[in-house]
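Each residue of the sequence shown is one higher than the last, beginning at 14 in my numbering. By construction, the Cβ of each residue, glycine as well, lies at the ideal position given by its N, Cα and C atoms. Take a look at the structure set out below.
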Amino acid sequence: MKPPASIREHCTLSFQRTGLITVLCCVAIPSLAAAVEEAAPQAPVFYENNIQQLFQQKCLGCHNAKTRKAGLDLSSPESILKGSESGRIIQAGDADASLLFQMIESAEMPPEEKNHLSQEELQQLRHWLNSGARFRETVKTAPAVTQHDIIPLLHLRCVACHGGRRQEASLDLRTKASILKGGKSGPAVIPGDPSGSLLIKRIHAGEMPPPRKLVSASVKPMQDNERELLSQWIALKLPEVESLRTEEAELVTEADRNFWSFQPPRQPTPPVVKGQERVRNPVDAFILQRLEQHGLSLSPVASKRTLIRRLYFDLTGLPPLPEEIVQFLNDTDPLAYEKLVDRLLASRRYGERWARHWLDAAGYADSEGAQNEDKLRPHMYRYRDYVIRALNKDKPYSRFLMEQIAGDELVDYQSGEITPEVYDCLVATGFLRTAPDRTFADITNFVPDRLEVIADEMDILGSAVLGLTIKCARCHSHKFDPIPQRDYYRLTAIFKEAYDEHDWLKSQGPRTLAHLPQAERDKYHQRERKLAAEVQQIKQEIATLTEQARKLQIEKQAKSLEEADPQYQQKCDQLQQQIKAIQARKQPAPRIRALWSRGTPSPSYILKRGNYLTPGRPVEPGVPAVLVRNQNPLEVIARSSQKESQGGRRLAFARWLTQPDHPLTARVMVNRIWMHHFGRGIVKTPENFGRAGERPSHPELLDWLATEFVRQGWSLKSLHRLLVTSETYRQTSTVSDEALRKDTDGSLLSRMPLRRMEGEVLRDTLLYLSGQLDETPYGPADPVDVRRDGLVTSLASEQGWRRSIYVLQRRTQIPTLLENFDYPQMGPNCIRRGDSLVATQALHMLNDRLVHRLATEFADRIHNQAGNSPADQLKQIYRLALGREASPEEISLGVETMHALKQEWMKTNPATGADAAARKSLTNYCHAIFNLAEFQYID
Numbered sequence: 014m015k016p017p018a019s020i021r022e023h024c025t026l027s028f029q030r031t032g033l034i035t036v037l038c039c040v041a042i043p044s045l046a047a048a049v050e051e052a053a054p055q056a057p058v059f060y061e062n063n064i065q066q067l068f069q070q071k072c073l074g075c076h077n078a079k080t081r082k083a084g085l086d087l088s089s090p091e092s093i094l095k096g097s098e099s100g101r102i103i104q105a106g107d108a109d110a111s112l113l114f115q116m117i118e119s120a121e122m123p124p125e126e127k128n129h130l131s132q133e134e135l136q137q138l139r140h141w142l143n144s145g146a147r148f149r150e151t152v153k154t155a156p157a158v159t160q161h162d163i164i165p166l167l168h169l170r171c172v173a174c175h176g177g178r179r180q181e182a183s184l185d186l187r188t189k190a191s192i193l194k195g196g197k198s199g200p201a202v203i204p205g206d207p208s209g210s211l212l213i214k215r216i217h218a219g220e221m222p223p224p225r226k227l228v229s230a231s232v233k234p235m236q237d238n239e240r241e242l243l244s245q246w247i248a249l250k251l252p253e254v255e256s257l258r259t260e261e262a263e264l265v266t267e268a269d270r271n272f273w274s275f276q277p278p279r280q281p282t283p284p285v286v287k288g289q290e291r292v293r294n295p296v297d298a299f300i301l302q303r304l305e306q307h308g309l310s311l312s313p314v315a316s317k318r319t320l321i322r323r324l325y326f327d328l329t330g331l332p333p334l335p336e337e338i339v340q341f342l343n344d345t346d347p348l349a350y351e352k353l354v355d356r357l358l359a360s361r362r363y364g365e366r367w368a369r370h371w372l373d374a375a376g377y378a379d380s381e382g383a384q385n386e387d388k389l390r391p392h393m394y395r396y397r398d399y400v401i402r403a404l405n406k407d408k409p410y411s412r413f414l415m416e417q418i419a420g421d422e423l424v425d426y427q428s429g430e431i432t433p434e435v436y437d438c439l440v441a442t443g444f445l446r447t448a449p450d451r452t453f454a455d456i457t458n459f460v461p462d463r464l465e466v467i468a469d470e471m472d473i474l475g476s477a478v479l480g481l482t483i484k485c486a487r488c489h490s491h492k493f494d495p496i497p498q499r500d501y502y503r504l505t506a507i508f509k510e511a512y513d514e515h516d517w518l519k520s521q522g523p524r525t526l527a528h529l530p531q532a533e534r535d536k537y538h539q540r541e542r543k544l545a546a547e548v549q550q551i552k553q554e555i556a557t558l559t560e561q562a563r564k565l566q567i568e569k570q571a572k573s574l575e576e577a578d579p580q581y582q583q584k585c586d587q588l589q590q591q592i593k594a595i596q597a598r599k600q601p602a603p604r605i606r607a608l609w610s611r612g613t614p615s616p617s618y619i620l621k622r623g624n625y626l627t628p629g630r631p632v633e634p635g636v637p638a639v640l641v642r643n644q645n646p647l648e649v650i651a652r653s654s655q656k657e658s659q660g661g662r663r664l665a666f667a668r669w670l671t672q673p674d675h676p677l678t679a680r681v682m683v684n685r686i687w688m689h690h691f692g693r694g695i696v697k698t699p700e701n702f703g704r705a706g707e708r709p710s711h712p713e714l715l716d717w718l719a720t721e722f723v724r725q726g727w728s729l730k731s732l733h734r735l736l737v738t739s740e741t742y743r744q745t746s747t748v749s750d751e752a753l754r755k756d757t758d759g760s761l762l763s764r765m766p767l768r769r770m771e772g773e774v775l776r777d778t779l780l781y782l783s784g785q786l787d788e789t790p791y792g793p794a795d796p797v798d799v800r801r802d803g804l805v806t807s808l809a810s811e812q813g814w815r816r817s818i819y820v821l822q823r824r825t826q827i828p829t830l831l832e833n834f835d836y837p838q839m840g841p842n843c844i845r846r847g848d849s850l851v852a853t854q855a856l857h858m859l860n861d862r863l864v865h866r867l868a869t870e871f872a873d874r875i876h877n878q879a880g881n882s883p884a885d886q887l888k889q890i891y892r893l894a895l896g897r898e899a900s901p902e903e904i905s906l907g908v909e910t911m912h913a914l915k916q917e918w919m920k921t922n923p924a925t926g927a928d929a930a931a932r933k934s935l936t937n938y939c940h941a942i943f944n945l946a947e948f949q950y951i952d
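This is the structure we're talking about:
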């Protein structure tokens with residue numbers, strides 16, 4: 014029997030292929046054998062063969078014995094093996110694991126495209142590294158694996174359970190000594206014998222870390238290459254080497270320090286100008302000097318009406334009342350303007366207005382962000398209140414910074430009474446707790462998640478306080494500024510006593526403190542007892558109802574309580590609803606969202622390319638070298654009254670920051686205050702005083718203000734007073750043709766810029782004019798309502814709506830009015846808000862239900878004050894909303910418009926009476942006023 018045709022074809026093809034393969038093998042084997050014989054005697058590859066010449070041609074311009082960019086010298090075998098500021102740069106036998114090869118292959122180095130290595134040159138470098146990275150002459154090198162490779166690895170994978178806080182089985186794996194000491198089962202390792210070491214056995218068996226504890230401890234098992242690295246270290250008998258310290262002079266030069274913003278400010282002498290009669294204070298002299306160089310002068314002084322409105326909005330965020338305007342206009346005192354400034358600076362509203370600017374820079378939000386849940390921060394409001402109080406008290410900026418950076422180290426909060434000062438110092442550290450933080454859950458609490466929190470906090474600190482883009486040095490040395498990667502990790506080490514990625518506290522419960530004033534704790538417990546008593550009373554009513562129903566059940570021989578008393582279940586349900594309503598009024602126990610030192614931190618390492626899996630050289634706490642002349646100005650402050658857990662690194666850092674001659678601290682702050690008063694900073698990039706930022710338009714003025722700020726005790730109110738009493742600030746915003754030609758963008762300050770209200774000022778003004786502003790200060794944030802279509806509005810209290818600063822600032826639920834008018838996304842903070850002009854702003858003001866309601870309330874207020882006369886109503890509208898008298902033409906046109914609107918209402922709805930139609934037309938007119946540019950822009 015023959016097989017089917019398909020099988021015969023398959024067999025024939027198979028035999029044909031087999032025969033072909035056999036022939037090919039017979040031909041190929043001798044050739045392969047010859048190739049092996051030829052390859053066998055291949056000479057070893059040495060650095061001197063071609064790599065040395067390659068480095069000389071492509072790399073030594075930046076990485077030689079003198080320049081040593083990023084701490085790297087490629088001019089000799091010894092310096093190559095020493096590595097860079099990040100640590101070892103070559104891994105013998107593995108090109109892909111070599112930092113040098115990674116940087117070159119990714120075309121990051123050399124930076125200029127013309128110097129990039131060709132494919133042939135890249136293969137030569139790869140071949141040299143893979144073949145062992147050999148040199149002709151013996152070069153003394155450190156062991157292949159040292160404690161600086163292993164200690165960070167053990168912290169990453171093991172110390173969560175075998176460290177300072179927890180030592181399961183009495184095992185501590187943080188140091189070589191503790192590893193050799195071992196735990197309950199004896200020494201963890203046997204030097205020279207990895208296979209016999211208990212630690213290696215447990216890891217290879219999958220017992221350590223225990224799989225069931227991986228998520229709760231937020232750790233991951235060791236990877237294959239990490240286990241191999243640990244075995245190598247044990248096989249080499251646990252070698253240790255002295256930490257290599259890279260001298261500052263090798264990474265930052267005196268030429269780097271000579272950049273203008275890295276030099277301490279020196280107070281210049283105010284210049285003598287031609288228009289000396291316009292000089293009220295030195296600010297004007299510096300401004301006039303530049304103007305006169307361009308053939309310009311200051312614009313005329315604005316009217317008193319314009320000035321009072323400008324001052325009120327600028328210093329308090331709310332408009333002046335008509336009677337306040339009249340009082341100012343009639344005040345003949347030559348110092349009337351200065352007295353007004355002092356009165357506004359003394360107002361509580363000043364702190365509410367200017368706290369918003371600082372909270373932007375600090376990245377304030379009432380939620381964690383970082384993931385969709387956007388979990389609320391119930392205690393964050395305390396920091397907001399602290400900022401408002403501090404500004405109203407005119408707390409010196411130096412002290413303000415100290416408390417926010419190291420408040421817990423300034424006071425002994427653990428053993429003494431919680432005084433207002435102690436409380437403020439703890440709450441102030443909320444400045445270091447504003448960044449997005451998802452580490453409240455086990456699954457988002459791994460080391461990379463923690464490092465993101467630290468990175469965002471460094472970003473906030475750098476941009477808000479130092480005016481530097483420090484974040485750019487996280488993965489590599491800064492591309493523009495002399496900030497080595499080493500300095501980024503030295504800076505993070507300052508905060509490691511509190512922010513240690515290997516000794517972490519979850520962002521919500523564990524990383525909060527209960528150190529509150531006794532009065533607040535007593536008030537909370539009293540309120541909770543009162544609510545508990547109310548609940549207990551209702552439960553007693555339910556018990557009484559039940560007992561009565563049971564008696565009826567027995568009497569009536571009913572099958573159930575409901576049958577005995579048909580109202581029983583309904584009454585019980587109503588009482589249960591009352592219990593739920595009471596329980597909803599319960600508040601979480603009062604705590605403080607703070608940051609505090611927790612003891613000896615883990616060692617700090619440079620992370621190569623910012624990767625937590627590739628630690629480089631160890632670093633000690635320090636500040637950016639470009640800002641100091643000596644190696645490290647930080648001295649850990651210790652007092653006899655301080656406990657070990659209170660550290661001292663952050664306090665030393667804060668004291669360095671607030672030195673009178675610090676190059677940046679005062680400059681950055683006065684520049685930001687100037688920006689909020691004049692629309693732009695003297696340095697137009699307030700977050701970046703580095704080389705990539707803008708140069709100051711008036712450098713002498715900036716330095717004079719910085720030194721004067723310090724001389725006046727770091728007083729922010731004194732700085733405000735100096736700026737707003739200047740002739741420069743009092744100018745009109747009207748621009749002449751000559752000024753428009755010679756000072757097109759207004760950077761010379763030839764006139765006062767016209768500025769639109771921020772979203773918060775607009776919302777607060779609408780509430781204030783309509784009589785709906787609840788000025789109750791402080792306390793938990795007011796909740797918001799989120800409609801299904803996405804509209805977000807704040808909820809009113811019995812007294813109305815509070816100021817915008819007290820509204821819940823949830824990152825994913827910003828009130829729509831604020832968001833439309835450029836409220837910033839805190840990612841992680843905002844130094845300069847955008848200034849957009851988009852259709853959604855006009856549409857919101859025209860169509861939003863709340864804006865309509867406030868227009869109605871404003872119209873009612875106008876009617877109550879001015880009566881039924883349309884002319885009188887118009888006069889009062891202009892006085893309240895625009896701060897001026899209406900012109901005869903405006904009154905005439907307004908009366909005509911309101912009459913036409915009244916007729917239209919009566920025509921559209923015949924049932925509408927004349928009085929009702931008049932009120933509706935008045936509301937329409939008020940609504941139109943809210944949409945005027947004159948209303949929304951501050952002259």
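Could you compute how far the alpha carbon of HIS307 sits from the alpha carbon of ASP387? 52 Å
Would you say TYR512 faces chain B, with C-beta separation under 9 Å as the test? This model lacks chain B altogether, as it is built from one protein chain only.
Using a Cβ-Cβ cutoff of less than 6 Å, which residues in the same chain neighbour GLY623 once the five nearest sequence positions on both sides are dropped? ARG487, CYS488
Is the beta carbon of LEU762 less than 9 Å from the beta carbon of THR741? Contact annotation: LEU762 and THR741 have beta-carbon atoms nearer than 9 Å.
Assigned exposure category for LYS621 - 16 Cβ within 10 Å defines buried: Taking all protein chains shown into account, LYS621 has 16 or more neighbouring C-beta atoms within 10 Å of its C-beta and is therefore buried.
Closest by C-alpha distance to GLU788, when choosing among LEU331, SER312, LYS127, LYS226: Among LEU331, SER312, LYS127, LYS226, the Cα nearest to that of GLU788 is on LEU331.
Give the single residue among GLN160, THR745, ASP758 whose Cα lies nearest to the Cα of VAL314. THR745
Exposed or buried, what is GLN417 when buried is set at 16 or more other beta-carbons lying within 10 Å of its beta-carbon? buried
Taking only runs of the alpha helix (DSSP H) that begin and end inside the segment 270-329, which ones reach a length of at least 4 residues, in chain order? 295-306, 317-329
Alpha-carbon to alpha-carbon, LYS189 and ALA146: 29 Å
Reducing DSSP to helix, strand and coil, say where GLY853 ends up. A small fix is needed here, since residue 853 is Thr in this sequence, not Gly. Reduced to three states, the DSSP call for THR853 is helix.
Check whether VAL696 and ARG704 have beta carbons under 9 Å apart: no
Option nearest SER760 by Cα separation, candidates LEU804, ALA201, ARG693, TYR537: ARG693
Rounded to whole angstroms, what's the CA-CA distance from THR154 to ARG630? Just pull it up for me. THR154 and ARG630 have their C-alpha atoms spaced approximately 15 Å apart.
Jot down the residue ranges of each uninterrupted alpha helix (DSSP H) in the segment 405-455, minimum 4 residues, whole runs only, in chain order. 410-423, 433-441
Check the DSSP bridge columns for ILE951 and list the partner residues they point to. ARG768
Alpha carbon to alpha carbon, how far is PHE299 from VAL640? Give it in angstroms, no decimals. The sequence as given places Leu at residue 640; Val does not occur at that position. Answer to the nearest angstrom: the Cα atoms are 27 Å apart.
Excluding the 5 residues flanking GLY907 on each side, which residues of the same chain have their C-beta closer than 6 Å to its C-beta? LEU887
Could you pull out every residue in the same chain whose Cβ sits closer than 7 Å to the Cβ of ALA182, ignoring the five residues on either side in sequence? GLY196, LYS197, SER198
Given this structure, state the Cα-to-Cα distance separating ALA868 from THR825, to the nearest angstrom. Each residue's Cα considered, the two are about 28 Å apart.
Relative to the alpha-carbon of PRO793, which residue among PRO495, ASP777, GLN812, ILE818 has its alpha-carbon at the smallest distance? ILE818
Whole angstroms are fine: how far does the CA of ARG446 sit from the CA of ASP421? Straight through space, the alpha carbons of ARG446 and ASP421 are spaced by roughly 13 Å.
Touching by the beta-carbon criterion (3+ pairs, under 8 Å), the segment 117-132 and the segment 208-226: no
Grab me the residues of ILE875's own chain with a C-beta within less than 8 Å of its C-beta, minus the 5 sequence neighbours each way, in chain order. For ILE875, same chain residues with a beta-carbon under 8 Å away, outside a window of 5 residues either side, are GLN886, GLN889, ILE890, LEU893, LEU935, CYS939 in chain order.
What do you reckon, are the CB atoms on GLY205 and ILE163 nearer than 9 Å? no
Span separating the alpha-carbon of GLY382 from that of PRO449: 5 Å
Could you give the DSSP three-state label for TYR791: helix, strand or coil? coil
By the three-class DSSP mapping on this structure, what secondary structure does TYR396 have? helix
Three-pair Cβ contact test at 8 Å for the segment 512-530 versus the segment 420-436: yes
Can you say whether GLU773 is buried or exposed, counting buried as having 16 or more other CB atoms within 10 angstroms of its CB? Looking at its Cβ environment, which holds 16 or more other Cβ atoms inside 10 Å, GLU773 is buried.
Between which residues of its own chain and GLU947 is the CB-CB distance below 7 Å, once the five residues before and five after are set aside? LEU895
Whole alpha helix (DSSP H) runs in the segment 714-761 with 4 or more residues, listed along the chain? 729-737, 750-755
For ARG606, the nearest candidate out of ARG734, SER380, VAL232, SER310 (CA to CA): SER380
First and last residue of the uninterrupted beta strand (DSSP E) at ILE619: Looking at the DSSP string, the run of the beta strand (DSSP E) that includes ILE619 is 617-620.
Are ILE467 and GLU510 touching if we call contact CB-CB under 9 Å? no
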